[in-house]
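Asker: In the numbering used here, the protein residues as written are 269 to 316. C-beta atoms are modelled at their ideal positions from N, C-alpha and C, and glycine is treated no differently. Starting off with a structure, shown below.
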Ligand SMILES: [Zn+2]
């Protein structure tokens, strides 16, 4: 009965964004810069 320990094993694997080097979930667009598959999908206000 170690449910808390189970959750630790389910950490999502993160990739590093080639655009801004921020960690992001694979097959999702980067939350930091909005890049996905080598192109910009959304415009993040932080970029300016
Ligand atoms: Zn990025």
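Taking all protein chains shown into account, do 16 or more other C-beta atoms lie within 10 angstroms of the C-beta of residue 306, making it buried, or fewer, making it exposed?
Answerer: exposed
Asker: Specify the secondary structure class of residue 271 as computed by DSSP and reduced to three states.
Answerer: helix
Asker: Pull up the DSSP beta-bridge partners for residue 308, would you.
Answerer: 303
Asker: Using a threshold of 7 Å, is the CB atom of residue 287 nearer than that to any non-hydrogen atom of ligand 1?
Answerer: yes
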